[in-house]
Amino acid sequence: MKKIVFLLALFLVPNAWAAVLTVNNASVTSVKVYETPDDSLNVWLFINGQGRIGPNPDNTSVTCELWTHDKTVHSTALAALMSGKKVSVSYVDRGDKSHWCKVRELAISAN
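Taking the working numbering, the leading residue of the sequence shown gets 2, the next gets one more, and so forth.
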């Protein structure tokens with residue numbers, strides 16, 4: 002029974018074991034939005050003036066472009082960009098150990 006519960010937990014929470022990196026006290030300097038043919042949005046974040054941040058948590062030989070589909074991350078990034086406030090951004094590999102990474106969480110700093 003314990004094995005079934007453990008395997009079910011692994012299946013339901015796939016990112017629980019993924020490596021996560023966080024950058025604190027960063028500035029969102031650009032938010033590029035691309036609409037896809039299915040009317041969803043892909044958002045590419047530039048942090049501290051760079052289109053890449055690094056390294057990839059699962060492949061340290063490459064740096065990451067930070068992408069999101071999450072509307073909350075997108076709106077928080079826009080708010081930080083417009084206000085000039087600092088953020089902390091956590092990101093994970095998107096699953097292929099390439100230069101594309103997913104933003105897991107983006108939060109405006111209290112300072």
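Where a beta carbon is used, it is the ideal one built from N, C-alpha and C, also for glycine.
Quantities reported herein were computed from a predicted structural model and do not represent experimental measurements.
Is residue i buried or exposed, if buried means 16 or more other CB atoms sit within 10 Å of its CB?
i	result
Thr-37	exposed
Mind checking whether residue i and residue j have CB atoms under 8 Å apart?
i	j	result
Thr-64	Ile-54	yes
Pro-58	Val-93	yes
Leu-46	Ala-19	no
What does a CB cutoff of less than 8 Å around residue i pick up in its chain, not counting 5 residues either side in sequence?
i	result
Ser-41	His-70
Trp-101	Cys-65, Glu-66, Trp-68 and Arg-95
His-75	Val-32, Val-34, Leu-42, Val-44 and Thr-69
Under 8 Å, Cβ to Cβ, is there at least one residue of chain D near residue i?
i	result
Gln-51	The chain labelled as chain D is not found in the depicted structure, where only one protein chain is given.
So, for residue i: in the same chain, excluding its five sequence neighbours on each side, which residues have a beta-carbon less than 6 Å away from its beta-carbon?
i	result
Ser-91	Val-21, Thr-23, Arg-105 and Glu-106
Gly-50	Thr-30
Go through its chain and collect everything with a Cβ distance to residue i's Cβ below 7 Å, but skip five positions before and after it.
i	result
Val-88	Ala-27, Val-29, Ala-81, Leu-107, Ala-108, Ile-109 and Ser-110
Lys-98	Asn-57, Asp-59 and Asn-60
| Residue ranges of each beta strand (DSSP E) within the stretch 26-100, 3 or longer | Listed in chain order, the complete beta strand (DSSP E) runs (minimum 3 residues) inside the stretch 26-100 are 29-36, 42-48, 66-69 and 88-94.
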